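Going down the list, the sequences are from chains A and B. For the first sequence, position 109 (counting from the first letter as 1) is numbered 267 according to the numbering used here, and the numbering increases by one without interruption. For the second sequence, position 89 (counting from the first letter as 1) is numbered 120 according to the numbering used here, and the numbering increases by one without interruption. For reference, the structure is listed below as structure tokens.
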Amino acid sequence: MNVVQFILRNHAQVLELTLEHLRLVGFATLFAVLIGIPLGILIAHRPRLSKPVLASANIIQTIPSLALFGFLLPVPWLGARSDRLAILALTLYAFLPVIRNTYTGIRGVDPAVIEAGQGMGLTKGQLLFQVELPLAVSVIVSGVRVAIVMSVGLATIAAAIGAGGLGEFIFRGLAMVDNTVILAGAVPAALLALMADFGLGRLERHLQPR
Amino acid sequence: MLLGRSGSGKTTLLKLVNRLLPPTSGKILVKGVPNGELDIIRLRRSIGYVIQDGGLFPHFTVERNIGLVPRIEGWPQDRISLRVQELLQMVGMDTRTASRYPHQLSGGQRQRVGVARALAADPEMLLMDEPFGALDPLTRNDLQGEFLSLQQQLAKTVVFVTHDLREAVRLGSRIAFLDAGRLVTVLPPTEFLQCTDPLVSAYVRAFGDAVVSNPNRGTT
Numbered sequence: 159m160n161v162v163q164f165i166l167r168n169h170a171q172v173l174e175l176t177l178e179h180l181r182l183v184g185f186a187t188l189f190a191v192l193i194g195i196p197l198g199i200l201i202a203h204r205p206r207l208s209k210p211v212l213a214s215a216n217i218i219q220t221i222p223s224l225a226l227f228g229f230l231l232p233v234p235w236l237g238a239r240s241d242r243l244a245i246l247a248l249t250l251y252a253f254l255p256v257i258r259n260t261y262t263g264i265r266g267v268d269p270a271v272i273e274a275g276q277g278m279g280l281t282k283g284q285l286l287f288q289v290e291l292p293l294a295v296s297v298i299v300s301g302v303r304v305a306i307v308m309s310v311g312l313a314t315i316a317a318a319i320g321a322g323g324l325g326e327f328i329f330r331g332l333a334m335v336d337n338t339v340i341l342a343g344a345v346p347a348a349l350l351a352l353m354a355d356f357g358l359g360r361l362e363r364h365l366q367p368r
Numbered sequence: 032m033l034l035g036r037s038g039s040g041k042t043t044l045l046k047l048v049n050r051l052l053p054p055t056s057g058k059i060l061v062k063g064v065p066n067g068e069l070d071i072i073r074l075r076r077s078i079g080y081v082i083q084d085g086g087l088f089p090h091f092t093v094e095r096n097i098g099l100v101p102r103i104e105g106w107p108q109d110r111i112s113l114r115v116q117e118l119l120q121m122v123g124m125d126t127r128t129a130s131r132y133p134h135q136l137s138g139g140q141r142q143r144v145g146v147a148r149a150l151a152a153d154p155e156m157l158l159m160d161e162p163f164g165a166l167d168p169l170t171r172n173d174l175q176g177e178f179l180s181l182q183q184q185l186a187k188t189v190v191f192v193t194h195d196l197r198e199a200v201r202l203g204s205r206i207a208f209l210d211a212g213r214l215v216t217v218l219p220p221t222e223f224l225q226c227t228d229p230l231v232s233a234y235v236r237a238f239g240d241a242v243v244s245n246p247n248r249g250t251t
């Protein structure tokens, strides 16, 4: 039986797992953006904080994902619901591209433009929302795009701790030594990643400052 | 006119006025009041600021660049649009350029917009940091001429940074010569050219005979 037939025959389950997958990635991206962008703005304005923050995000990134899922299992409230745990782990991984790109984007704004804004009497908030963020937005979106594509791939491993998602098929297929089942998880996951990459890539180009 | 070689402290002195830099000691009086006692945002909005190449916001149109301070000051939109049109004419630009972005303009046009933006909320004072430094000689000459006639109409207090003696003599009413962070002298152009201070005369000599002495009698 080929993959397409398998997917068609089990379309209800494929759809369910895809939605689960999207839920994991969606929440993780949301949290990473809600925390990561303000943090990136903060360290862009306080260069002394930038090294420790970026180094921490880098270190998290080097922890093998399977190990991180395992480490978090015994944590009380989190370990009780494996999907919470998976979302936390994915959020931690998504921090680096979001924080780093926010930082780079804002630091990359022409200092002459910032100075002109200050000299004209813009407040810090006006400078941030009218000048810095609009000029950095395409770089920030590019970070979010990397975070999403990465999370879609990583989220397949969440199935190892029972958090669901398309990884279920992959682990099931591995256990059954059945490539068709593995592909039934891997192909939709790859498609999700490609679609997210394409969509956000267009958004990024659209937001590029002239 | 703040004149002096690179690193002599011209720009530093200028930035002390609108508090882009804090003084390490001493006080800066703006209209007789120490500027440290004024609200920093109010102070800056009451002083127009022009830098080299305009420092325009690349993501804003000409109209939004010029209208930014009026907009954050809460002017109604139609008054802003009128003001933008008026300013564009004042700096010698086609009012149709209002919808253009800075990258679609030439260097001279960007500089004109920079001046228009600084004048937008009708400040009493202008700070200009080598505003014409990045322009070709012909365009610079045009803008200097327009600056003089504009200055005759508006009669603002202008603090102007330059390292170009010709520009200082042509546009300035008083020239302050700085060297290594120290104020050497403040003189009107004609006297400045005849000054016997060794630092000043060396600077004047470096420009050779190129300085045509037709000093300005304006208020800069």
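Virtual Cβ for every residue (Gly too), placed ideally from N, Cα, C. Quantities reported herein were computed from a predicted structural model and do not represent experimental measurements.
Self-check item: the region 252-267 of chain A: positions lying closer than 9 Å to chain B by Cβ
Solution: If the cut-off is 9 Å between Cβ atoms, the region 252-267 of chain A has nothing near chain B.
Practice problem: Name the residue from A:L365, A:R181, A:G331 and A:I306 whose alpha carbon lies nearest to the alpha carbon of D355 (chain A). | Solution: Your numbering for residue 355 (chain A) matches position 197 in the first sequence. Ranking A:L365, A:R181, A:G331 and A:I306 by Cα distance to D355 (chain A) puts A:I306 first.
Quiz item: Considering only C-alpha positions, which residue in the set A:V289, A:R265, A:S309 and A:P232 is nearest to V191 (chain A)?
Solution: Taking the first sequence and counting its residues from 1, the one referred to as residue 191 (chain A) is at position 33. Distance from the Cα of V191 (chain A) is smallest, within the candidate group A:V289, A:R265, A:S309 and A:P232, for A:S309.
Quiz item: Rounded to a whole number of angstroms, what is the C-alpha to C-alpha distance between L157 (chain B) and L226 (chain A)?
Solution: Taking the first residue of the second sequence as 1, we reach residue 157 (chain B) at position 126. Taking the first residue of the first sequence as 1, we reach residue 226 (chain A) at position 68. L157 (chain B) and L226 (chain A) have their alpha carbons spaced roughly 59 Å apart.
Quiz item: Nearest to A202 (chain A) by alpha carbon, out of A:P232, A:F229, A:L180 and A:T262?
Solution: Walking along the first sequence from the start, residue 202 (chain A) turns up at place 44. Selected option, being the one with the closest Cα: A:T262.
Quiz item: Start and end of the alpha helix (DSSP H) containing D355 (chain A)?
Solution: Indexing the first sequence from 1 puts residue 355 (chain A) at position 197. N337 to L365 is the extent of the alpha helix (DSSP H) around D355 (chain A).
Quiz item: Going by beta carbon distance, what residues of the same chain come within less than 7 Å of I97 (chain B), once the five residues before and after it are set aside?
Solution: Locating residue 97 (chain B) in the second sequence gives position 66, where the first residue counts as 1. Excluding its 5 nearest sequence neighbours in each direction, I97 (chain B) has C-beta neighbours in its own chain below 7 Å: V115, L118, V144, A147, R148 and A151, listed in chain order.
Self-check item: DSSP three-state assignment for D241 (chain A), whether helix, strand or coil
Solution: Residue mapping note: residue 241 (chain A) aligns to position 83 of the first sequence, counting from 1. If DSSP states are grouped into helix, strand and coil, D241 (chain A) belongs with the helices.
Quiz prompt | Minimum C-alpha distance to I72 (chain B) - residue among B:L87, B:E104 and B:L44 | solution = Looking up residue 72 (chain B) in the second sequence gives position 41. Distance from the Cα of I72 (chain B) is smallest, within the candidate group B:L87, B:E104 and B:L44, for B:E104.
Quiz item: Is it buried or exposed for R50 (chain B), if we count other Cβ within 10 angstroms and need 16 for buried?
Solution: Translated into positions along the second sequence, residue 50 (chain B) becomes position 19. Buried.
Quiz item: Is the Cβ of F88 (chain B) closer than 8 Å to any Cβ of chain A?
Solution: On the second sequence, position 57 is the one that residue 88 (chain B) refers to. Yes, F88 (chain B) lies at the interface with chain A (some Cβ there is under 8 Å from its Cβ).
Practice problem: Classify S130 (chain B) as buried or exposed, calling it buried when 16 or more other Cβ atoms lie within 10 Å of its own Cβ. | Solution: Reading the second sequence from its first residue, position 99 is the one you call residue 130 (chain B). When all chains shown are included, S130 (chain B) counts as exposed.
Quiz item: Whose Cβ in chain B lies nearer than 8 Å to the Cβ of G283 (chain A)?
Solution: The residue labelled residue 283 (chain A) in the question sits at position 125 within the first sequence. By Cβ distance, chain B contributes nothing, its closest Cβ being about 11 Å from G283 (chain A), past 8 Å.
Practice problem: At 9 Å on the CB atoms, spell out the chain B contacts of A247 (chain A), in chain order. | Solution: The count along the first sequence starts at 1 and reaches residue 247 (chain A) at position 89. Listed along chain B, no residue sits closer than 9 Å to A247 (chain A) by beta-carbon distance, the nearest being about 37 Å off.
Quiz item: If you measure beta-carbon to beta-carbon, which residues of the region 299-316 of chain A are closer than 7 Å to chain B?
Solution: Answer set for the region 299-316 of chain A: empty.
Quiz item: Quick one: what does DSSP say R110 (chain B) is sitting in, helix, strand or coil?
Solution: Looking up residue 110 (chain B) in the second sequence gives position 79. In this structure, R110 (chain B) counts as helix in the three-state DSSP scheme.
Practice problem: Compare the C-beta of I111 (chain B) with all C-beta atoms of chain A and state if any pair is closer than 8 Å. | Solution: Working through the second sequence from its first residue, we reach residue 111 (chain B) at position 80. Interface with chain A (8 Å Cβ-Cβ cutoff): I111 (chain B) is excluded.
Practice problem: Using a Cβ-Cβ cut-off of less than 9 Å, list which residues of the region 53-73 of chain B approach chain A; keep chain order. | Solution: Residues passing the 9 Å Cβ filter: I71, I72 and R73.
Quiz item: In terms of residue numbering, what span does the alpha helix (DSSP H) encompassing T42 (chain B) cover?
Solution: Translated into the one-based positions of the second sequence, residue 42 (chain B) becomes position 11. Run containing T42 (chain B): K41 to V48, per the alpha helix (DSSP H) assignment.
Self-check item: Reduced DSSP category for A318 (chain A) - H, G, I as helix; E, B as strand; rest coil
Solution: Working through the first sequence from its first residue, we reach residue 318 (chain A) at position 160. DSSP places A318 (chain A) in helix when its eight states are reduced to three.
Quiz item: Does DSSP put L231 (chain A) in a helix, a strand or coil?
Solution: Here residue 231 (chain A) refers to the residue found at position 73 of the first sequence. For L231 (chain A), the secondary structure class from DSSP, reduced to helix, strand or coil, is coil.
Quiz item: Taking DSSP as the reference, what is the three-state secondary structure of R213 (chain B)?
Solution: For the purposes of this step, residue 213 (chain B) is taken as residue 182 along the second sequence, with counting starting at 1. It is a strand residue.
Quiz item: At which residues does the alpha helix (DSSP H) containing I221 (chain A) begin and terminate?
Solution: Residue mapping note: residue 221 (chain A) aligns to position 63 of the first sequence, counting from 1. Run containing I221 (chain A): none; DSSP gives neither H nor E here.
Practice problem: For the region 92-111 of chain B, enumerate the residues whose C-beta is nearer than 8 Å to any C-beta of chain A, in chain order. | Solution: Listed in sequence order: L99, V100 and I103.
Quiz item: Shorter than 8 Å from the beta carbon of P346 (chain A) to some beta carbon of chain B?
Solution: One-based indexing of the first sequence puts residue 346 (chain A) at position 188. Taking 8 Å as the threshold, the shortest C-beta distance from P346 (chain A) to chain B does not fall below it.
Quiz prompt | Listed by chain order, chain A residues near L51 (chain B) by CB distance under 8 Å | solution = As a working mapping, residue 51 (chain B) is identified with position 20 in the second sequence. E273, Q276 and G277, listed in chain order.
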